[in-house]
């Protein structure tokens, strides 16, 4: 898909891969030491 903003400025999109566990979840694509968006 293509993303547009009302003023046509730059835009980005990202996703995480998540595993759902019995007692919570784990984000598989998280990079240790990096702040999440």
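Residue numbers (the numbering used here): 964 to 1000. Even for Gly, the Cβ is constructed at its ideal location relative to N, Cα and C. These figures come from a predicted structure and were not determined experimentally.
To the nearest angstrom, how far is it from the Cα of residue i to the Cα of residue j?
i: residue 971; j: residue 993; result: 30 angstroms
i: residue 979; j: residue 969; result: 26 angstroms
i: residue 989; j: residue 974; result: 27 angstroms
i: residue 986; j: residue 995; result: 21 angstroms
i: residue 967; j: residue 976; result: 11 angstroms
i: residue 965; j: residue 998; result: 26 angstroms
Between residue i and residue j, how many whole angstroms is the CB-CB distance? I'm expecting something under 8 angstroms.
i: residue 991; j: residue 981; result: 7 angstroms
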